[in-house]
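Take a look at the structure set out below.
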Amino acid sequence: MAKKETELPPDDAGRVRTVTEFTREVKELLEGGIRPGWIRGEVSNLRAQASGHVYFSLKDAGAQLSCVLFRGDAARQSVPLRDGQAVLAYGEVGVYEARGQYQLVVRALIEHGAGRLQQELEQLKQRLAAEGLFEPARKQPLPLRPHTVGFITSPTGAAVQDFIRILARRGWTGRLIVLPAKVQGEGAAAEMIAMLQAAAALGIFDLLVIGRGGGSIEDLWAFNEEPLVRAVAACPVPIISAVGHEIDFTLCDFAADVRAETPSGAAELISSNHLACVERVLNAGGNMEDIVAAQVERARQRLDHARSRLRLLSPAAAIEQNFLRLDDLGNRLGSALRSAVQLRRESLGAARARLAAASPEKRVQQESHRLLSLWKRLESASPQSVLKRGYALVRDADGKPIARAKAIKPGQPLVNEFHDGRVRVRAEE
């Protein structure tokens, strides 16, 4: 028996559309039927292309939306995007016909939640101020010439390099110890508190500095967390807060004994007294030379006066003998004074050489190499390093890691995370 051909429904008998035609109809319906508007979500899968276009997804607990920010619109954005960031995106729906994929064509972005954080910051500031935590009477004076300084910061940030460079350039001769801690993200405040308390307990530091480079309010938020602010205020060692740029203020700035506008500013503050001492030594050397020269001149004047009196009061023979004696005394005095001047010059030169030889640059480099070695050991033990060795991390659709095969159900959507990206798969029996 011949196989009966499938009959088309009567309404569609005269109209068979191609994939392109159908996709174009969908495109017209979506792009013409949905007005542009604001969408709130969390950034994920962020990818910036060499062309200047930026691709990412907006997601919430129930759905995910593909987004594109074309080069011209991306260049106008003032908000730097990062995965996990909460944003408000303005745009219109678009359909990429080649893949049959709809996406949000983003025209503008603003960060969501910055206003809430600012409000929380102001409320906490007022409460701590009411407790007297920021009162000037609580502040400790900074030591004029700190011998050992501890800098609590990220060991790999630009801030610590600028700090070290300025101290070395200004000839500071003290001892600098970098105390490594996270300065951003979850757990940063706890790490800085632990390092602050450990430094205070050691009892070797004359001065502490806590800080980092500038950033957004979210980047600097760890320095506004109440436990860290209280730890800074209670620190028994004088402390400088050097967080961000000139316009950035955190609660640690108010709690610290002194606020520096930047880490570089803190380094200049620490080394300023050292430069003043060096200048006083140099000035003292110049004054000493002037004093000795004046003494020599007065001695010569006294000799000339004595010679004049001898000419008037003594016979010729006695005068000649006295002249010889006076000339001999003058020569001996001049020699002694010149020797004294030379000795003081040599002492001053030796002092200058000792100041130059006491540069902290070598000790700072040794500490930096040691910290870099520790950092590399930590980096080699990170999950990302494991992934780079050929392993993959399996997550469910919500992003939770799956450790056992028994936890996977047939047909369950999964995400395999490699070191260079993620691949969505579906489990089979």
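Counting from 620, one number per residue, gives the positions in the sequence shown under the numbering used here. Cβ atoms here follow ideal geometry from the backbone N, Cα and C, with glycine treated the same way.
Nearest-angstrom Cα separation, counted from residue j out to residue i
i	j	result
Thr637	Tyr721	18 angstroms
Phe868	Val1005	39 angstroms
Phe689	Gly833	28 angstroms
Phe842	Thr881	14 angstroms
Arg951	Pro762	48 angstroms
Arg701	Arg718	26 angstroms
Lys1007	Pro857	44 angstroms
Ile1027	Gln1003	23 angstroms
Gly681	Gly703	16 angstroms
Val915	Ala970	25 angstroms
Lys995	Lys646	51 angstroms
Glu754	Phe873	9 angstroms
Ala749	Gln742	11 angstroms
Arg919	Arg957	14 angstroms
Ser992	Asp781	20 angstroms
Ala807	Asp838	11 angstroms
Arg1045	Phe1037	16 angstroms
Ala778	Ile785	11 angstroms
Glu998	Ala809	20 angstroms
Arg878	Arg764	18 angstroms
Leu885	Gly863	Here the sequence assigns Ala to residue 885, which means Leu is not the residue at that position. One C-alpha to the other measures close to 12 angstroms.
Leu752	Ala813	20 angstroms
Among the options, nearest to residue i - alpha-carbon criterion
i	options	result
Glu887	Val983, Arg789 and Arg963	Arg789
Leu815	Val828, Glu805 and Gln803	Val828
Phe675	Ser992, Ala1016 and Glu661	Glu661
Thr642	Ile1027, Glu716, Gly681 and Cys686	Glu716
Pro655	Arg666, Leu723 and Arg831	Leu723
Pro846	Lys744, Ala913, Ile859 and Ala912	Lys744
Lys1025	His988, Glu1047, Gly949 and Ile785	Glu1047
Ala853	Thr639, Cys871 and Ile783	Cys871
Ala861	Ala1000, Val851, Arg831 and Leu990	Arg831
Leu990	Pro774, Gly651 and Ser685	Pro774
Local conformation of residue i per DSSP, three classes
i	result
Ser651	This sequence places Gly at residue 651; Ser is not what is there. Helix.
Glu916	helix
Ser966	helix
Glu986	helix
Asp872	helix
Asp946	helix
Lys995	helix
Ile823	coil
Arg926	helix
Glu730	strand
Same chain, Cβ closer than 6 angstroms to residue i, neighbours up to 5 away in sequence not counted
i	result
Tyr709	Trp657, Arg726 and Ala727
Thr767	Arg794, Ile823, Phe824 and Asp825
Gln759	Pro857 and Asp876
Ala787	Glu980
Gly769	Ile796, Leu798, Ala818, Phe824 and Leu827
His988	none
Ser663	Ser676, Lys678 and Asp702
Gln1031	Ala1046
Within 9 angstroms, strictly: CB atoms of residue i and residue j
i	j	result
Glu986	Leu795	yes
Ala800	Ile771	yes
Val802	Met811	yes
Ala1016	Asn1035	no
Val698	Glu739	no
Leu948	Arg926	no
Val911	Leu747	no
Val673	Ala705	no
Ile783	Val983	yes
Glu908	Arg973	no
Residues near residue i by beta carbon distance below 7 angstroms, same chain, minus five either side
i	result
Ser670	Arg690
Leu649	Val712, Val714 and Tyr721
8 angstroms Cβ shell around residue i - same chain, five flanking residues per side excluded
i	result
Leu804	The residue asked about is misnamed: residue 804 is Gly in this sequence, not Leu. Within the same chain, Gly804 has close Cβ partners Ala841.
Leu1033	Val1013, Arg1014, Asp1015, Ala1016, Ile1021, Ile1027, Arg1043, Val1044, Arg1045 and Ala1046
The ligand PLP heavy atom lying under 8 angstroms from the CB of residue i
i	result
Gly769	What this structure holds is no ligand at all, so the ligand PLP is not there to describe.
Min CB distance residue i to chain C below 9 angstroms
i	result
Tyr715	Here there is only one protein chain, and chain C is not present.
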